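First residue of the sequence shown? That's 1460 in our numbering, and the numbers climb one at a time after it.
Glycine included, C-beta positions come from ideal geometry on N, C-alpha and C.
Computed from a prediction, not measured in an experiment: that's the story for all the values here.
To start, the structure under review is shown below, and the notes come after it.
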Amino acid sequence: MTTRPATPDDLAAIMALERASFPNDAWSDAMMREELASPHGWYVVVEEGGRLIGYAGLRVARGVADADIQTITIAESGRGRGRGRALLTSLLEEAARRNVKDVFLEVRADNPVAQGLYASVGFVEVGRRARYYQPDDVDAIVMRLDLPGWTARGGVRTDAGACT
Ligand SMILES: CC(C)(COP(=O)(O)OP(=O)(O)OC[C@H]1O[C@@H](n2cnc3c(N)ncnc32)[C@H](O)[C@@H]1OP(=O)(O)O)[C@@H](O)C(=O)NCCC(=O)NCCS
């Protein structure tokens, strides 16, 4: 598994994964192209055997203390083996390098897998946007991470070592 910054040449492979993973609310080619080229964005991809199997993106405007996790996706066949967590960690490390304080994201209320990943590193729910995802009519949960807190914990999961 190799993780590296995305380039505009990754667009076609990223969009193939985007459409497979978000059948009803995939971004357009144009939106993703803009994201990859934006100086306020930072995208990373994960490859295996020369094939792109995941990507994730951060939006962080220069000189601003907030950042947003824009997207994070692993190909269905590669899920559940720590790759999503590795991509999320890459984004948070980059945000920390840029002195971000708060990281925000929106996640579908019907996506417990992604919510579990985010909660495990310390994201907490701070709000909801009713019926944000259309046409599915699904709410968005807005989550926030205190990044200096995450860094102070050594970037480890908040639930590490917890007794259940
Ligand atoms: C969300 C996603 C990126 C996670 O990537 P992944 O490689 O499968 O996840 P990981 O193996 O790194 O697991 C990270 C955490 O996710 C959660 N998780 C992963 N698979 C899970 C499953 N089958 N059931 C419940 N929780 C699960 C767990 O909290 C897990 O932590 P743990 O297993 O270490 O306790 C991936 O499932 C995906 O691409 N989903 C479709 C696109 C999507 O929903 N993106 C998020 C948009 S906000």
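On a CA-only basis, which of the options is nearest residue i? Give me that one, please.
i, options, result
"residue 1564", "1555, 1583, 1552 and 1557", "1583"
"residue 1492", "1483, 1555 and 1477", "1477"
"residue 1548", "1522, 1505, 1497 and 1534", "1505"
"residue 1508", "1578, 1460, 1586 and 1613", "1460"
"residue 1552", "1479, 1535 and 1604", "1604"
"residue 1612", "1585, 1580, 1597 and 1468", "1580"
"residue 1489", "1471, 1531, 1535 and 1540", "1471"
"residue 1614", "1511, 1598, 1545 and 1529", "1545"
"residue 1528", "1602, 1610 and 1609", "1602"
"residue 1586", "1484, 1598 and 1496", "1598"
"residue 1576", "1541, 1495, 1562 and 1535", "1541"
"residue 1555", "1536, 1531, 1610 and 1485", "1610"
"residue 1520", "1608, 1468, 1560 and 1482", "1560"
"residue 1510", "1481, 1608, 1539 and 1475", "1475"
"residue 1558", "1531, 1537 and 1606", "1606"
Can you check DSSP and say which residues form a bridge with residue i?
i, result
"residue 1605", "1561"
"residue 1533", "1513"
"residue 1501", "1517"
"residue 1482", "Answer is none; residue 1482 lacks a bridge partner."
"residue 1493", "DSSP, once it has assigned bridges, lists no residue as partnering residue 1493."
"residue 1464", "1503"
Under the assumption that residue i contacts residue j (Cβ atoms under 8 Å), give the Cβ distance between them as a whole number of angstroms.
i, j, result
"residue 1500", "residue 1516", "6 Å"
"residue 1574", "residue 1533", "With 8 Å as the limit, residue 1574 and residue 1533 do not qualify as a contact, their Cβ atoms being about 15 Å apart."
"residue 1526", "residue 1518", "6 Å"
"residue 1464", "residue 1496", "In fact, because the Cβ distance is near 13 Å, the residues do not count as touching under 8 Å."
Does at least one heavy atom of ligand 2 sit under 8 Å from the Cβ of residue i?
i, result
"residue 1530", "Inclusion of ligand 2 in the displayed structure is not the case, the ligand content consisting of ligand 1 alone."
Quick check: the region 1557-1571 against the region 1590-1604, are at least 3 beta-carbon pairs closer than 8 Å? Below 8 Å, enough C-beta pairs join the region 1590-1604 and the region 1557-1571 to call them touching: three or more.
Ordered list of alpha helix (DSSP H) runs contained in the region 1568-1605, each at least 4 residues: Annotation: the region 1568-1605 contains the following complete segments of the alpha helix (DSSP H) (minimum length 4 residues), in chain order: 1571-1580.
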